[in-house]
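Undergrad: Taking my numbering, I'd label the letters of the sequence shown as residues 40 to 333.
Think of the CB as a built atom: it goes at the ideal place given N, C-alpha and C, for glycine as much as any other residue.
All values derive from a computational prediction rather than experimental measurement.
Sharing a structure below in structure tokens format, with a few things to ask.
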Amino acid sequence: YKDEISLGVIAAAGTLGQIIPPSIVLIVLGDQMGVPVGSLFRAALLPGLALTGAYALYIGLVAFAKPDVAPALPADMRIAGAELLKRVVLSLVPPLALIVVVLGSIFAGVATPTEAGALGSVGAILLAMMNRSLSFDALNRAMEETSRLTIMVVFLLIGSTAFALVFRGFDGDIWIETMLTGIPGGALGFLLVVNVVVFILGFFIDFFEIAFIIVPLIVPAAEILGVDLTWLGIVLAVNLQTSFLTPPFGFSLFYLRGVTPSKIPTTSIYRGVIPFIVIQLVVLAAITWMAVPK
């Protein structure tokens, strides 16, 4: 495959985890916005599937229109019939079943997101054991990464809480609320301004900083303007997903640059993600319109 299409698919598919449940982004947004996580998960299914379908459609069109960009497998490497069905079932059914169990327990009200996350962790370990890919080293790395992320989030939460207390002490929240509710265009103008600001901030700061510091400042104005907070959360998630993919500062591009061979130029990564950015912007515009009170 050509570098551009391969790198674009990897970068774009990697950002889908921010919008498709179970997503840590939606969980944190739900907590900061006072919205049930289950509601965010349900609302995210439509844009998540729309993005996935649009990506697949684009890749299919490119493969058919330009076979040299995404050539078919050689005849001797292709499989069909029972062997193909077996591989598909073994590859897709176990992880999909785990996702259904985790999300189903949340949607049905049987488990909280925290409990469902623990259930998912146990299920993932069992799947790794079934595939004979579980090792102490892999488990240890996963636990270390989880600990680092948890510690980072806790300290960010402490810092953002201190900032919020000082900010509110100087009536900064009232100033922000007055400014946002006074934007021309009402709810639509508010959503457009929030989209632009969050998109730019996503170039330079991580999602958790935005969620803990910025999101609590815009929620009161959204409530006054009658914006549905569930859809506002989806708008923010898709917005940040697009921001993290946009050159030249997108976090996803930096991560991809760090793992690609040095012989592949950075411009190939940038060119590869542009079609997927266009797709995400179209979906973001549609979701923003859906979030406007009717």
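Tell me which residues share the same chain as Pro-287 and place their Cβ nearer than 8 angstroms to its Cβ, disregarding the 5 neighbours each side in the sequence.
TA: To locate residue 287, count along the sequence shown from 1; it is residue 248. Tyr-309.
Undergrad: Just verifying my parser: in three-state terms, what is the DSSP assignment at Gly-92?
TA: Locating residue 92 in the sequence shown gives position 53, counting from the first residue. It is helical.
Undergrad: Taking the straight line between their C-alpha atoms, what separation do you get for Leu-158 and Leu-79?
TA: Mapped onto the sequence shown, residue 158 falls at position 119. Mapped onto the sequence shown, residue 79 falls at position 40. Approximately 20 angstroms between the Cα atoms of the pair.
Undergrad: Does the distance from the C-beta atom of Gly-281 to that of Leu-323 stay below 7 angstroms?
TA: Counting from one through the sequence shown, the residue named residue 281 turns up at place 242. Counting from one through the sequence shown, the residue named residue 323 turns up at place 284. The question names Gly, but residue 281 is Thr in the sequence shown. Contact: yes.
Undergrad: Identify which residue in Arg-81, Ala-95 and Ala-83 has its Cα closest to the Cα of Ile-318.
TA: If you number the sequence shown from 1, residue 318 lands on position 279. Per the Cα distances, Ala-95.
Undergrad: Give the range of the alpha helix (DSSP H) segment to which Tyr-294 is assigned.
TA: Residue mapping note: residue 294 aligns to position 255 of the sequence shown, counting from 1. Taken as a continuous stretch (DSSP letters only), the alpha helix (DSSP H) holding Tyr-294 covers 290–298.
Undergrad: Within the chosen definition, does the stretch 45–61 reach the stretch 81–101 through at least 3 CB pairs nearer than 8 angstroms?
TA: The stretch 45–61 is in contact with the stretch 81–101.
Undergrad: Can you give me the C-alpha to C-alpha distance between Phe-146 and Ala-163, rounded to a whole angstrom?
TA: In the sequence shown, residue 146 corresponds to position 107, counting from 1. In the sequence shown, residue 163 corresponds to position 124, counting from 1. Their Cα atoms are separated by approximately 20 angstroms.
Undergrad: Taking the Cβ atom as the reference point for each residue, do Asp-412 and Ser-307 lie within a distance shorter than 7 angstroms?
TA: Past the boundaries of the shown model lies residue 412; the chain is included only from 40 to 333, so the question cannot be answered.
Undergrad: Please report how far the alpha carbon of Leu-123 lies from the alpha carbon of Ser-130, in whole angstroms.
TA: Looking up residue 123 in the sequence shown gives position 84. Looking up residue 130 in the sequence shown gives position 91. Each residue's alpha carbon lies about 11 angstroms from the other.
Undergrad: From what residue to what residue does the alpha helix (DSSP H) around Tyr-309 run?
TA: Counting from 1 along the sequence shown, the entry for residue 309 is found at position 270. Residues 305–330.
Undergrad: Cutting at 7 angstroms between CB atoms, please list the residues of its own chain near Phe-283, excluding the five before and the five after it.
TA: For the purposes of this step, residue 283 is taken as the residue at position 244 of the sequence shown. Hits under 7 angstroms: Thr-54, Gly-241, Gly-289, Phe-290 and Ser-291.
Undergrad: Can you tell me whether Pro-300 is buried or exposed? The criterion is at least 16 other CB atoms within 10 Å of its CB, across all chains shown.
TA: Start at 1 with the first residue of the sequence shown, and residue 300 comes out as number 261. Exposed, by the Cβ-count rule.
Undergrad: If you check the beta carbons only, do Pro-255 and Gln-71 fall under 7 angstroms apart?
TA: For the purposes of this step, residue 255 is taken as the residue at position 216 of the sequence shown. For the purposes of this step, residue 71 is taken as the residue at position 32 of the sequence shown. Yes; because the gap between Cβ atoms is below 7 angstroms, this pair is in contact.
Undergrad: Identify which residue in Arg-117, Ala-89, Val-331 and Tyr-97 has its Cα closest to the Cα of Phe-229.
TA: Locating residue 229 in the sequence shown gives position 190, where the first residue counts as 1. It is Val-331 whose Cα lies nearest to the Cα of Phe-229.
Undergrad: Using three-state DSSP, classify Ser-199 as helix, strand or coil.
TA: By one-based count along the sequence shown, residue 199 stands at place 160. It is helical.
Undergrad: Since Tyr-40 and Ala-109 should fall inside the 8 angstroms C-beta cutoff, what is the C-beta to C-beta distance between them, to a whole number of angstroms?
TA: Translated into positions along the sequence shown, residue 40 becomes position 1. Translated into positions along the sequence shown, residue 109 becomes position 70. Yes, Tyr-40 and Ala-109 are in contact; Cβ-Cβ is about 5 angstroms, under 8 angstroms.
Undergrad: Does the distance from the C-beta atom of Ala-50 to that of Val-298 stay below 7 angstroms?
TA: For this step, residue 50 is matched to residue 11 along the sequence shown. For this step, residue 298 is matched to residue 259 along the sequence shown. In this structure, Val-298 does not lie closer than 7 angstroms to Ala-50 by Cβ.
Undergrad: Distance check for Pro-113 and Glu-262, CA to CA, integer angstroms please.
TA: Taking the first residue of the sequence shown as position 1, residue 262 is located at position 223. Taking the first residue of the sequence shown as position 1, residue 113 is located at position 74. Distance between the alpha carbons of Glu-262 and Pro-113 is about 57 angstroms.
Undergrad: Give me the Cα-Cα distance between Val-141 and Leu-178, rounded to the nearest whole angstrom.
TA: What you label residue 141 is simply residue 102 of the sequence shown in a count that begins at 1. What you label residue 178 is simply residue 139 of the sequence shown in a count that begins at 1. Each residue's Cα considered, the two are about 20 angstroms apart.
Undergrad: Could you check if Leu-2 is buried or exposed, using at least 16 other CB atoms within 10 Å of its CB as the buried criterion?
TA: With the chain covering 40 to 333 only, the question about residue 2 has no answer from this structure.
Undergrad: Unbroken alpha helix (DSSP H) runs of length 4 or more, entirely within the stretch 97–155: which are they?
TA: Correct list: 120–146.
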